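Take a look at the structure below.
In my numbering, the protein residues as written are 247 to 636.
If you want it as structure tokens, here you go:
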């Protein structure tokens with residue numbers, strides 16, 4: 247349940263108090279209305295359609311993360327300066343006799359030179375002693391002026407690498423920034439970085455890890471020699487970041503290191519070479535791992551993202567592990583094939599998470615996601631090699 251009201255900028259806090267008072271009065275059957283704020287969620291975009299989608303996601307987040315959300319729609323190129331404010335309560339429909347939990351949203355619509363006033367407004371509207379999360383929804387998030395001006399108060403920055411305008415360059419920049427903030431290399435207050443593309447890979451990572459939960463298959467994990475990651479991209483574009491992140495996760499978990507300048511780029515194939523510890527041949531021995539990223543043009547209306555992951559162990563006993571999107575929407579087919587054994591296949595749930603689901607997963611994190619940080623470190627090395635050749 248929402249009710250948006252336009253207000254004078256200087257009266258936002260007053261209008262919020264009035265809004266809560268009216269919400270309590272209108273609650274049916276004397277039902278209690280709980281103003282449950284768990285964080286400050288700052289959302290930034292330059293696109294009105296994005297702002298609408300962000301508002302929908304923020305409303306859905308009330309179930310798990312009721313917040314003071316401040317949505318900044320910034321249009322600095324507008325010819326006339328203008329700054330409008332709107333307030334609304336985001337309330338969940340609850341069962342009879344149970345309290346109604348609500349969060350709140352302040353929307354700042356800034357145009358032209360009025361964009362310069364937004365940071366001071368945001369700082370004045372933050373709820374003290376609550377975490378501050380900045381969600382940037384634009385194609386070049388690390389060049390966003392709001393990030394530079396708010397970094398001293400922000401605890402987490404959320405981006406979506408799948409939407410980067412310059413995917414490889416921005417991805418390398420994200421990896422370098424994550425390395426700097428995780429090492430304490432920045433003098434200012436440091437923040438954690440979250441990537442919604444990484445969050446979307448969780449079902450794929452879980453299904454891959456499940457192959458090796460059984461003792462008979464576990465020994466093959468350290469013997470992987472060849473990885474093929476197939477992903478679909480929009481017509482005329484190629485954003486390999488989902489494949490890079492999945493490859494970075496595998497490499498960081500299995501102690502693989504990219505080889506310098508061991509890389510090839512073809513129209514339908516990106517190939518990297520990495521080294522891994524050899525198994526059963528003495529300390530310090532290494533083997534080569536071939537990593538292939540294969541882009542496939544998406545059909546009209548199809549969602550960009552992963553199509554298949556194929557792991558192969560070729561030395562000694564051959565083994566193959568494959569996860570691929572099934573024809574049935576919301577499912578993936580997993581297949582393990584070991585020499586001398588019958589293939590093991592199963593159909594597993596692998597739903598596409600909604601935007602609100604992805605945000606909720608990242609907001610549950612209280613500290614830096616070390617698994618993501620490690621994966622991004624290796625993926626950034628791969629992306630840096632790719633950037634030099636594109």
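Backbone N, C-alpha and C fix where the C-beta goes; we use that ideal spot for every residue, glycine too.
Computed from a predicted model, the values in this text were never measured in an experiment.
> Where does residue 417 sit, in a helix, a strand or coil, going by DSSP?
Replying inline: Position 171 of the chain shown, counting from 1, holds the residue named residue 417. Note: residue 417 maps to helix in three-state DSSP.
> The beta strand (DSSP E) with residue 295 in it runs from where to where?
Replying inline: Position 49 of the chain shown, counting from 1, holds the residue named residue 295. Here residue 295 belongs to no beta strand (DSSP E); instead the alpha helix (DSSP H) covers 294-307.
> So, helix, strand or coil for residue 530, using DSSP?
Replying inline: Position 284 of the chain shown, counted from the first residue, corresponds to residue 530. Note: residue 530 maps to coil in three-state DSSP.
> Does DSSP classify residue 388 as helix, strand or coil?
Replying inline: Counting from 1 along the chain shown, the entry for residue 388 is found at position 142. Reduced to three states, the DSSP call for residue 388 is helix.
> In chain order, what residues of the same chain lie with their CB nearer than 6 angstroms to the CB of residue 416, ignoring the 5 residues before and after it?
Replying inline: Counting from 1 along the chain shown, the entry for residue 416 is found at position 170. Here the set comprises 410.
>> In chain order, what are the residue ranges of uninterrupted alpha helix (DSSP H) at least 4 long that sit wholly in the segment 439-486?
In response: 442-446, 448-457
>> So, at 6 angstroms on beta carbons, what are the nonlocal neighbours of residue 509 in its own chain, with the 5 sequence-adjacent residues on each side left out?
In response: Reading the chain shown from its first residue, position 263 is the one you call residue 509. Excluding sequence neighbours, residue 509 sits near 518, 631.
>> Quick test of your reading: residue 578 and residue 596, contact by CB under 8 angstroms. State the CB separation rounded to the nearest angstrom.
In response: One-based indexing of the chain shown puts residue 578 at position 332. One-based indexing of the chain shown puts residue 596 at position 350. Yes, they are in contact, since the Cβ atoms of residue 578 and residue 596 sit about 4 angstroms apart, within 8 angstroms.
>> Counting C-beta neighbours from all protein chains within 10 Å, is the total for residue 580 16 or more, i.e. buried, or is it exposed?
In response: If you number the chain shown from 1, residue 580 lands on position 334. Buried, by the Cβ-count rule.
>> By the three-class DSSP mapping on this structure, what secondary structure does residue 608 have?
In response: As a working note, residue 608 is residue 362 in the chain shown. Three-state DSSP puts residue 608 in a helix.
>> Rounded to the nearest angstrom, what separates residue 500 and residue 372 at their Cα positions?
In response: Along the chain shown, read from residue 1 onward, the residue named residue 500 stands at position 254. Along the chain shown, read from residue 1 onward, the residue named residue 372 stands at position 126. C-alpha separation (whole angstroms): 42 angstroms.
>> From the DSSP secondary-structure annotation, give me the bridge partner or partners of residue 503.
In response: Working through the chain shown from its first residue, we reach residue 503 at position 257. Beta-bridge pairing links residue 503 to 521.
> With a cut-off of 8 angstroms, do at least 3 Cβ pairs link the segment 437-445 to the segment 536-545?
Replying inline: In this structure the segment 437-445 does not lie against the segment 536-545, because fewer than three pairs of beta carbons, one per stretch, are closer than 8 angstroms.
> Under 9 angstroms, do residue 378 and residue 401 count as touching if we go by C-beta distance?
Replying inline: Within the chain shown, residue 378 is the residue found at index 132, counting from 1. Within the chain shown, residue 401 is the residue found at index 155, counting from 1. Yes; because the gap between Cβ atoms is below 9 angstroms, this pair is in contact.
> Buried or exposed: where does residue 593 fall if 16 or more other Cβ atoms within 10 Å of its Cβ makes it buried?
Replying inline: Residue numbering aside, residue 593 sits at position 347 when the chain shown is read from its first letter. Answer is exposed; the Cβ neighbour count stays below 16.
> If you draw a straight line from the C-alpha of residue 283 to the C-alpha of residue 260, how long is it?
Replying inline: Numbered from its first residue, the chain shown carries residue 283 at position 37. Numbered from its first residue, the chain shown carries residue 260 at position 14. The straight-line gap from Cα to Cα measures roughly 17 angstroms.
> Does the Cβ of residue 626 have 16 or more other Cβ atoms within 10 Å, making it buried, or fewer, making it exposed?
Replying inline: Stepping through the chain shown from its first residue, residue 626 is reached at position 380. Its Cβ being crowded by 16 or more others within 10 Å, residue 626 is buried.
>> Helix, strand or coil for residue 363? Go by DSSP, reduced to three states.
In response: Taking the chain shown and counting its residues from 1, one reaches residue 363 at position 117. Correct three-state label for residue 363: helix.
> Under three-state DSSP, which class holds residue 424?
Replying inline: By one-based count along the chain shown, residue 424 stands at place 178. In the three-state reduction of the DSSP assignment, residue 424 falls in the helix class, which pools H, G and I.
> Touch check for the segment 467-487 and the segment 606-621: three-plus C-beta pairs under 8 angstroms?
Replying inline: No: the two stretches stay apart, fewer than three of their Cβ pairs being nearer than 8 angstroms.
>> So, under 8 angstroms CB-CB, residue 382 and residue 364 are touching, yes? Tell me the CB distance rounded to an integer number of Å.
In response: As a position in the chain shown, residue 382 is number 136, starting the count at 1. As a position in the chain shown, residue 364 is number 118, starting the count at 1. Here residue 382 is actually not in contact with residue 364; their C-beta atoms are around 13 angstroms apart, not less than 8 angstroms.
> Got a sec? Which residues, its chain only, sit under 6 angstroms from residue 565 by beta carbon, not counting five neighbours each side?
Replying inline: Taking the chain shown and counting its residues from 1, the one referred to as residue 565 is at position 319. Here the set comprises 466, 559, 584.
> Can you name, in chain order, every residue of its own chain whose Cβ lies under 7 angstroms from the Cβ of residue 306, other than the five neighbours on each side?
Replying inline: Translated into positions along the chain shown, residue 306 becomes position 60. Within the same chain, residue 306 has close Cβ partners 602.
> Between 496, 530, 334, which lies nearest to residue 472 when the distance is taken from Cα to Cα?
Replying inline: Here residue 472 corresponds to residue number 226 of the chain shown, with the count starting at 1. Selected option, being the one with the closest Cα: 496.
>> Please return the same chain residues whose Cβ sits closer than 7 angstroms to the Cβ of residue 474, not counting the five positions on each side in sequence.
In response: Locating residue 474 in the chain shown gives position 228, where the first residue counts as 1. Hits under 7 angstroms: 538, 540, 556.
> Where does residue 369 land, buried or exposed, given buried means 16+ other C-beta within 10 angstroms?
Replying inline: In the chain shown, the residue the question calls residue 369 occupies position 123. Flag for residue 369 reads exposed.
> Skipping 5 residues on each side, what residues in its chain have a beta carbon closer than 8 angstroms to that of residue 554?
Replying inline: Looking up residue 554 in the chain shown gives position 308. Cβ neighbours of residue 554 beyond the five flanking positions: 474, 475, 476, 568, 569, 570, 571.
> Do you know offhand how far residue 448's Cα is from residue 515's?
Replying inline: Taking the first residue of the chain shown as 1, we reach residue 448 at position 202. Taking the first residue of the chain shown as 1, we reach residue 515 at position 269. Straight-line Cα distance between these residues: approximately 24 angstroms.
>> So, under 8 angstroms CB-CB, residue 262 and residue 297 are touching, yes? Tell me the CB distance rounded to an integer number of Å.
In response: Reading the chain shown from its first residue, position 16 is the one you call residue 262. Reading the chain shown from its first residue, position 51 is the one you call residue 297. Wrong, their Cβ atoms sit about 19 angstroms apart, outside the cutoff.
> To the nearest whole angstrom, what separates the beta carbons of residue 408 and residue 493, a pair I think is in contact under 8 angstroms?
Replying inline: For the purposes of this step, residue 408 is taken as residue 162 along the chain shown, with counting starting at 1. For the purposes of this step, residue 493 is taken as residue 247 along the chain shown, with counting starting at 1. At roughly 15 angstroms, the Cβ-Cβ gap does not stay under 8 angstroms, so residue 408 and residue 493 are not in contact.
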